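Student:
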Amino acid sequence: MNGYWYFDKGGVKRYDARVAWWNSSATTLRNGTVIPDDTQLHDPEGKPVQELPDDELPNNIPRYQEAIPVVFGHYWNSGPPRREGPTTVCVDYSAGKGGPLVAYRWSGERKLTADHLESC
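Going by this note's numbering, the sequence shown opens with residue 1337, and the numbers climb by one from there.
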């Protein structure tokens, strides 16, 4: 993250973050990094900042561009369940910490639709 950092939910100082590998149009740290919404970022000097810079992502970052649908988890999303892309959907909305239990009702479609997301 080019020297930027944050404290994770356990209070550990992190200089790394997950990559939005499903976002094939992500080209910068700002739109290609996955950090929880309520996280306070800090610049390399320790000053609080609102978002990461538009620094270019390295070319070796994998991006999913296949036609085969992928349902994934372990990202602790918040807000209403949504598709991440035409063939990708995350079903992790922190059910173990009070968030909804989310599932995708797949019917063989090649492009995923938001109306097939179920939550309770």
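Every residue, glycine too, gets a C-beta built ideally from N, C-alpha and C. As the structure is a prediction and not an experimental result, all values here were calculated from the model.
1) Answer with buried or exposed for Thr1533, where buried requires no fewer than 16 other C-beta atoms within 10 angstroms of its C-beta.
2) For the beta strand (DSSP E) holding Gly1421, just list the boundary residues, first then last.
3) Measure how close the beta-carbons of Ala1450 and Arg1419 come, nearest whole angstrom, since I'm counting them as under 8 Å.
4) May I ask you to report which of helix, strand or coil DSSP gives His1410?
5) Who are the near neighbours of Tyr1411 in its chain, counting only those whose CB is closer than 8 Å to its CB and skipping five residues on each side?
6) How is the alpha helix (DSSP H) around Leu1448 delimited, first residue to last?
7) Relative to the C-alpha of Glu1381, which residue among Arg1446, Trp1341 and Ala1356 is closest?
8) Beta carbon of Gly1421, beta carbon of Trp1358: below 7 Å?
Tutor: The short version:
1) Past the boundaries of the shown model lies residue 1533; the chain is included only from 1337 to 1456, so the question cannot be answered.
2) Arg1419 to Gly1421
3) 5 Å
4) coil
5) Arg1354, Val1370, Cys1426 and Asp1428
6) Counting along the chain, Leu1448 falls outside any alpha helix (DSSP H), and DSSP gives it neither H nor E.
7) Trp1341
8) yes
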